[in-house]
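Residue numbers (the numbering used here): 121 to 365. Here a beta-carbon is modelled for each residue, glycine too, at the ideal position from N, C-alpha and C. Bear in mind that the values here come from a model prediction, so they are computed numbers and not experimental data.
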Ligand SMILES: Nc1ncnc2c1ncn2[C@@H]1O[C@H](COP(=O)(O)OP(=O)(O)OP(=O)(O)O)[C@@H](O)[C@H]1O
C-alpha cells in the first residue's frame, strides 16, 4: 500500500476533528477526498504526513523526513509563496529531497517536465509573486510534480483554476495514476471528482461516511447526510454532470 492509515484520530484545540480513520490506498489509484467544509480533509492529509499530532497509525508518518520527501509530494491548501523567486526556481525547490542539487540531468529534466505539464513556459523567468492566483497555484503544483514522487497529496488543487485548467489538472492527475503513481486530492466539485477519480472517499464530521467508486459514494442519502443537499445527475458522453440542488 502507498498509504496505510489505521484508527487515525486528530484533536485540534481540544476538539476532536478526526475519529479513527482507517484507509488504505494502493499504487495507481486516483482518490478524491470529498466532504463539507470542516469535515477534516486537510487535517487528514496533514496528519497522515506527520505534520500535525495524531493518534493511530500512518505509514507515511512512520518514515524518516528524508524518505517521506522522496515518497510523497504535498500541495497544502494555503498557497503561500514566501519569496520573490522565479517560477523556475520555485519549481526547482521540488528537487531538494534528491541528491545532486539542481545541476544533475535528472533534476533539469524533472523541472522542465513539471513546467511543461502545468503550461508554465511563458512564465518561467517571471517572479512567482507577480503571477495571478491561478497561475501561482499551477506553479505550486509544478513544484510538487518536480519532486517526482510515487505519491502526490494535493489539498484542493483545482480551487481557483479556470474550467480549462481544472480539466487539464485533473486529466494530468489521472494520467499520473495510469502511469502507476498514486494521487490523493481533496475536491469540492463532485461532478469533476466523479469523472476523474478512480475512487472517492466521503468524509463528514471526521468520519469516513463512504469509500468506493463514485456511483456508490455519491448516493442521495449519503450526500444529504454529509452536505444537507440533494443533487441532480445528468449523464453526458464525458461522464456524469452533478448539479447540487
Ligand atoms: N489550525 C487549526 N486549529 C484549530 N482547529 C482547526 C485548525 N485547522 C482546522 N481546524 C478545525 O478542524 C476541523 C477540520 O478542519 P479541516 O481544515 O481539516 O477541514 P476541511 O475538510 O479541510 O475543510 P475545507 O473544505 O473548508 O477546507 C474544523 O472544525 C476546523 O475548524
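Quickly, what does DSSP pair residue i with across the bridge? List them, please.
i           : result
residue 138 : 130
residue 319 : 151
residue 123 : 145
residue 303 : 150 and 272
residue 357 : BP columns for residue 357 are empty, so no partner.
residue 175 : 129
residue 352 : 363
residue 162 : Answer is none; residue 162 lacks a bridge partner.
residue 341 : The partner list for residue 341 (beta bridge, DSSP) is empty, contrary to what the question assumes.
residue 324 : 327
Going by C-alpha distance, which of the options is nearest residue i?
i           : options               : result
residue 82  : 182, 200 and 134      : Since the displayed the chain opens at 121 and closes at 365, residue 82 lies outside it and no answer follows.
residue 315 : 354, 241, 268 and 345 : 354
residue 123 : 178, 172, 309 and 363 : 178
residue 292 : 308, 333, 233 and 251 : 233
residue 172 : 288, 361 and 132      : 132
residue 257 : 128, 127, 298 and 195 : 195
residue 320 : 139, 287, 145 and 227 : 145
residue 167 : 284, 302, 248 and 125 : 125
residue 242 : 277, 259 and 188      : 259
residue 218 : 186, 206 and 240      : 186
residue 278 : 266, 296, 307 and 295 : 307
residue 165 : 156, 183, 128 and 135 : 128
residue 229 : 280, 204 and 212      : 212
residue 364 : 143, 156 and 139      : 156
residue 267 : 244, 305, 288 and 227 : 227
residue 361 : 338, 158 and 289      : 338
residue 121 : 180, 176 and 294      : 180
residue 210 : 225, 189, 197 and 240 : 240
So, with DSSP's three-state summary, where would you put residue i?
i           : result
residue 347 : helix
residue 331 : strand
residue 225 : helix
residue 144 : strand
residue 200 : coil
residue 365 : coil
residue 269 : coil
residue 287 : helix
residue 239 : coil
residue 184 : coil
residue 195 : strand
For residue i versus residue j, is the C-beta distance shorter than 8 Å?
i           : j           : result
residue 340 : residue 350 : yes
residue 153 : residue 161 : yes
residue 262 : residue 238 : yes
residue 328 : residue 141 : yes
residue 250 : residue 231 : no
residue 284 : residue 274 : no
residue 346 : residue 312 : no
residue 235 : residue 208 : yes
residue 303 : residue 272 : yes
residue 359 : residue 148 : no
residue 269 : residue 192 : yes
residue 317 : residue 335 : no
residue 143 : residue 163 : no
residue 150 : residue 294 : yes
Legend entry - Check your reading: residues with Cβ closer than 5 Å to ligand 1 heavy atoms: 132, 133, 137, 157, 158, 159, 160, 161, 162 and 163
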